[in-house]
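Heads up: the structure comes next, in structure tokens.
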Ligand code: FE
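Numbering (the working numbering), first residue to last: 360 to 748.
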């Protein structure tokens, strides 16, 4: 048995937040936001005005921090219980939407504690009290369509990727006006994160006939638009917003691989943004995975019109094209050039590799990877040496 789950409704394009009017008939909406950018650019007001005009009572949870904590989640759930919304609307980056998904669980099930839902597929039935609407402001995580939420337990210094199709949002709104507020650096990092989602999903062990076309279309659109979007092209920015969502639909169901396993651990250790970690690692992981996924990578290279006659040549072209994208986006190709000190690297590589193997994304990587393999990949990514084993 295999399963493929997506939100029930997607509204997309310029001004798509107006579609919140479709919530007519609901009574109370709680609006979640992060830092101040959605407020500053007027989107928070827009959302609340549309809801009020539609006849809903509105309340807010503002200031959700990046990498939201278990405490933030529990506090938010309590506010929800006090207000009693039948719609939860999260507008912002991945952190805001992820926090909202987790709050939703404890709003509906106050009897649970965080330990009860840490393992994949342990979230009980939701939607007894509220539905969930996600409005992303960045173009990368695609949490608006995925079954995941990353919450940090700061007391134990652990990030928990909650995973359950119950927390796949009901409605995703991709308004192309909203990602125009991103800085170029954020465009670069989130865009390559989306590319990594699509490429990892395309070779992941859980890939299917449903996820493949989404991953392929996402990859084509990202290659066509990422650099222009980085350079401020309004249309391209809107296209990237759609492309990252397609990638999200693919990886929410096909899952990911060791680029993400490693990125999760080096991001925390070296304080490099998530998308930037993926940008550095992806070429090396493709070389490693080419032992099992050569023909899939070659298919992608062919689709992109990259040069090569054999599958090996085509896969090499794919790697080279990602390195070129990184360079256009001003992302340095190695961990060393991204400022990781050699001493810190050698003293942490074993720990990172050991932990990365245990990351849930390792299970769906097409090629089995041992801690030693991951150490060797990290060595290559540190010094910029090709992966040949
Ligand atoms: Fe990611």
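Just so it is clear, CB atoms sit at the ideal spot from N, CA and C, and this is done for glycine as well.
Between the CA atoms of residue 562 and residue 652 - distance to the nearest angstrom: Start at 1 with the first residue of the chain shown, and residue 652 comes out as number 293. Start at 1 with the first residue of the chain shown, and residue 562 comes out as number 203. The alpha-carbon atoms of residue 652 and residue 562 are separated by roughly 6 Å.
Inspect the beta-carbon positions of residue 639 and residue 740 and report whether they are closer than 8 Å. Counting from one through the chain shown, the residue named residue 639 turns up at place 280. Counting from one through the chain shown, the residue named residue 740 turns up at place 381. In contact: residue 639 and residue 740 (Cβ atoms closer than 8 Å).
Taking 8 Å as the cut-off, decide whether the C-beta atoms of residue 610 and residue 576 are in contact. Position 251 of the chain shown holds residue 610. Position 217 of the chain shown holds residue 576. Contact flag unset, no.
If I follow the unbroken alpha helix (DSSP H) through residue 581, where does it start and stop? Indexing the chain shown from 1 puts residue 581 at position 222. Counting along the chain, the alpha helix (DSSP H) containing residue 581 begins and ends at 570-589.
Please return the same chain residues whose Cβ sits closer than 6 Å to the Cβ of residue 704, not counting the five positions on each side in sequence. The residue you call residue 704 lines up with position 345 of the chain shown. 741.
Could you check where the beta strand (DSSP E) with residue 387 kicks off and where it finishes? Position 28 of the chain shown, counted from the start, is the residue given in the question as residue 387. That run of the beta strand (DSSP E) goes 387-391.
Could you spell out where the alpha helix (DSSP H) holding residue 377 opens and where it closes? The residue you call residue 377 lines up with position 18 of the chain shown. Unbroken run through residue 377: none, as it is neither H nor E.
Is it buried or exposed for residue 717, if we count other Cβ within 10 angstroms and need 16 for buried? As a first step, residue 717 is located in the chain shown; it is residue number 358 there, counting from the start. Exposed: under 16 other Cβ atoms inside 10 Å.
Using C-beta distances below 7 Å, list every residue in its chain close to residue 372, excluding the 5 sequence neighbours before and after it, in chain order. The residue given as residue 372 occupies position 13 in the chain shown. Excluding positions up to five away in sequence, the list reads 535.
Roughly how many angstroms separate the alpha carbons of residue 720 and residue 526, rounded to a whole number? Your numbering for residue 720 matches position 361 in the chain shown. Your numbering for residue 526 matches position 167 in the chain shown. Roughly 18 Å separates the two Cα atoms.
Supposed contact pair residue 501 and residue 606 - C-beta distance, whole angstroms, cut 8 Å: Residue 606 sits at position 247 when you count from the first residue of the chain shown. Residue 501 sits at position 142 when you count from the first residue of the chain shown. Correct: roughly 6 Å between the Cβ atoms.
Check whether the Cβ atoms of residue 634 and residue 499 lie closer than 8 Å to each other. Residue 634 sits at position 275 when you count from the first residue of the chain shown. Residue 499 sits at position 140 when you count from the first residue of the chain shown. Contact flag set, yes.
Per the contact definition of three or more C-beta pairs closer than 8 Å, is the segment 429-438 in contact with the segment 477-486? no
Tell me, please, whether the segment 444-461 touches the segment 415-428 by the rule of three or more beta-carbon pairs shorter than 8 Å. yes
Label residue 735 either buried or exposed according to how many other C-beta atoms from any shown protein chain fall within 10 Å of its C-beta, with 16 as the threshold for buried. Stepping through the chain shown from its first residue, residue 735 is reached at position 376. Flag for residue 735 reads buried.
Assuming residue 391 contacts residue 413 (C-beta within less than 8 Å), just tell me the rounded distance between them. Your numbering for residue 391 matches position 32 in the chain shown. Your numbering for residue 413 matches position 54 in the chain shown. Not a contact, Cβ separation roughly 18 Å.
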